[in-house]
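Asks: Chains A and B, in that order, give the protein sequences.
So that you can map any letter, position 55 of the first sequence is 55 in this note's numbering, and since no number is skipped, the others follow by simple counting.
So that you can map any letter, position 37 of the second sequence is 37 in this note's numbering, and since no number is skipped, the others follow by simple counting.
There are 2 protein chains.
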Amino acid sequence: MTSNYNSIMETRDIISLISKIREKVNRFIVAEMGKHGIDGIGTSHGDIIYALFKKPRLTMADISKSIRKDKSTVTALVDKLVRLGYVTKERDREDTRIVYVALTDKGSELKPIFESISKEMLDLFYLNISEKEKEELLHVLKKIYSNF
Amino acid sequence: MTSNYNSIMETRDIISLISKIREKVNRFIVAEMGKHGIDGIGTSHGDIIYALFKKPRLTMADISKSIRKDKSTVTALVDKLVRLGYVTKERDREDTRIVYVALTDKGSELKPIFESISKEMLDLFYLNISEKEKEELLHVLKKIYSNF
DNA sequence: AGTAAATAGTTTGATATCAAATCAAATGGG
DNA sequence: CCCATTTGATTTGATATCAAACTATTTACT
Numbered sequence: 001m002t003s004n005y006n007s008i009m010e011t012r013d014i015i016s017l018i019s020k021i022r023e024k025v026n027r028f029i030v031a032e033m034g035k036h037g038i039d040g041i042g043t044s045h046g047d048i049i050y051a052l053f054k055k056p057r058l059t060m061a062d063i064s065k066s067i068r069k070d071k072s073t074v075t076a077l078v079d080k081l082v083r084l085g086y087v088t089k090e091r092d093r094e095d096t097r098i099v100y101v102a103l104t105d106k107g108s109e110l111k112p113i114f115e116s117i118s119k120e121m122l123d124l125f126y127l128n129i130s131e132k133e134k135e136e137l138l139h140v141l142k143k144i145y146s147n148f
Numbered sequence: 001m002t003s004n005y006n007s008i009m010e011t012r013d014i015i016s017l018i019s020k021i022r023e024k025v026n027r028f029i030v031a032e033m034g035k036h037g038i039d040g041i042g043t044s045h046g047d048i049i050y051a052l053f054k055k056p057r058l059t060m061a062d063i064s065k066s067i068r069k070d071k072s073t074v075t076a077l078v079d080k081l082v083r084l085g086y087v088t089k090e091r092d093r094e095d096t097r098i099v100y101v102a103l104t105d106k107g108s109e110l111k112p113i114f115e116s117i118s119k120e121m122l123d124l125f126y127l128n129i130s131e132k133e134k135e136e137l138l139h140v141l142k143k144i145y146s147n148f
């Protein structure tokens, strides 16, 4: 009975832990960005910039897919990044429906900062986690992800 | 080089996986609630109701802490639940700053539905996950959580 | 007893987000 | 060629969310 209760609570706790870890990660990242003088930007903006580090120019649809946010959300997010001077928007010449987003010089300057923050975050995240535990974690999470 | 690249991608993938799993869980829960005719309610409302299943009456501050949302958010969330007839609000007689939130009969009727949804979700979540894997997962996630 | 400080909850303002509706452009079929 | 359909992005409307400011009440200190 008691052990059954604990078992139930523990299985539910994993989902709660996942939510809480994600919150902590996000909070950490926003705080670190603040420390580097990057304000007014949340993790979603960061995701866009990060995607642009990997590929110099993306369509709005690319971004929407990459960061898994609605197209209309991406419009607002990107427009803010334009206002802050981190990215530009440009229509394709052939197909004028398509808008390309690219980093400005100012936006590109964020790369080392983002990489540093990312490293710090990962170091903290994986502190005291062995290679075996990482592999196990990845393995199980992949299975869970594919359950839905 | 290549293996190093993969290693980096994999460590980052865990965080991405965590986000994606959480999205899937939330989406599943909202969809299931819809199937049971429960609309206009998101997971945060559900968290409040869930907390009230466990304790018949909570203060706004209790709720804020329980679901880890800002007090002002809780005000809006609870007010909506009041409007939908699931909960009531009542001021404490001794200390009139304190507002107690309790389930209505209508709200209490949600219990079997919520439990059924919860069970379905957990069954799916843990499909093909062994007891050992669960324990391992819980163990590692707890460590990660305490790293921040 | 009086007052400053702390507390519980709400109001207000701003923002990220989703989804439907809309607009403009491109595609495909008759 | 014409028009219905599809596509890419934006606009619009609604909502959840955070945080600062605010209101009312309670506590703690002198």
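Don't be surprised by glycine CBs; every beta carbon is placed ideally from N, CA and C.
(1) Quick check: what's the CA-CA separation for N4(B) versus E131(A)?
(2) Buried or exposed, going by whether 16 or more other CB atoms sit within 10 Å of the CB of I18(A)?
(3) Less than 7 Å separating the beta-carbons of V82(A) and E133(B)?
(4) Out of curiosity, what's the CA-to-CA distance linking K89(B) and Y50(B)?
(5) Ignore the nearest five residues each way along the sequence and tell me which others in K106(B)'s own chain have a CB closer than 7 Å to its CB.
(6) At the 7 Å Cβ level, is I144(B) part of the contact set with chain A, yes or no?
(7) Quick check: the Cα distance between G46(B) and V30(B), rounded to an integer number of angstroms?
(8) So, under 8 Å CB-CB, R57(A) and Y100(A) are touching, yes? Tell me the CB distance rounded to an integer number of Å.
(9) Grab the span of the alpha helix (DSSP H) containing R83(B) for me, first residue to last.
(10) Quick one: measure Cβ to Cβ for V78(B) and I48(B), integer angstroms, because I've assumed they're closer than 8 Å.
(11) Could you check where the alpha helix (DSSP H) with Y50(B) kicks off and where it finishes?
(12) By alpha-carbon positions, which one of K143(B), T75(B), K35(B) ends up nearest to N128(A)?
(13) Taking the straight line between their C-alpha atoms, what separation do you get for T59(B) and S118(B)?
(14) Taking the alpha-carbon of T73(A) as reference, which of G42(A), K54(A), R93(A), R91(A) has the nearest alpha-carbon?
(15) Can you say whether S146(B) is buried or exposed, counting buried as having 16 or more other CB atoms within 10 angstroms of its CB?
(16) So is S64(A) buried or exposed if we call it buried at 16+ other beta carbons inside 10 Å?
(17) From K69(B) to R93(A), what distance separates their C-alpha atoms?
Replies: In terms of the structure at hand:
(1) With a pLDDT of only 49 at N4(B), under the threshold of 50, the placement of this residue in the model should not be trusted; the figure read from the coordinates follows. Taken atom to atom, the span from the alpha-carbon of N4(B) to that of E131(A) is near 13 Å.
(2) The residue in question, I18(A), is buried, as its Cβ has 16 or more Cβ neighbours within 10 Å.
(3) No, these two residues do not count as a Cβ contact at 7 Å.
(4) Cα to Cα, the separation comes out at about 16 Å.
(5) Sequence-distant Cβ neighbours of K106(B) in its own chain, meaning closer than 7 Å and more than five residues away, are G85, Y86.
(6) True, the Cβ-Cβ gap to chain A drops below 7 Å.
(7) For G46(B) and V30(B), the gap between their C-alpha atoms comes out near 9 Å.
(8) Your pair R57(A) and Y100(A) checks out as a contact, with CB atoms roughly 5 Å apart and the cut at 8 Å.
(9) Its alpha helix (DSSP H) spans residues 71 to 83.
(10) Indeed, because the Cβ distance is near 7 Å, the residues count as touching under 8 Å.
(11) From DSSP, the alpha helix (DSSP H) with Y50(B) extends over 43 to 54.
(12) N128(A) has its Cα closest to that of K143(B), out of K143(B), T75(B), K35(B).
(13) Cα to Cα, the separation comes out at about 24 Å.
(14) The shortest C-alpha separation from T73(A) is found at G42(A).
(15) Its Cβ having fewer than 16 others within 10 Å, S146(B) is exposed.
(16) With 16 or more Cβ atoms within 10 Å of its Cβ, S64(A) is classed as buried.
(17) Roughly 46 Å separates the two Cα atoms.
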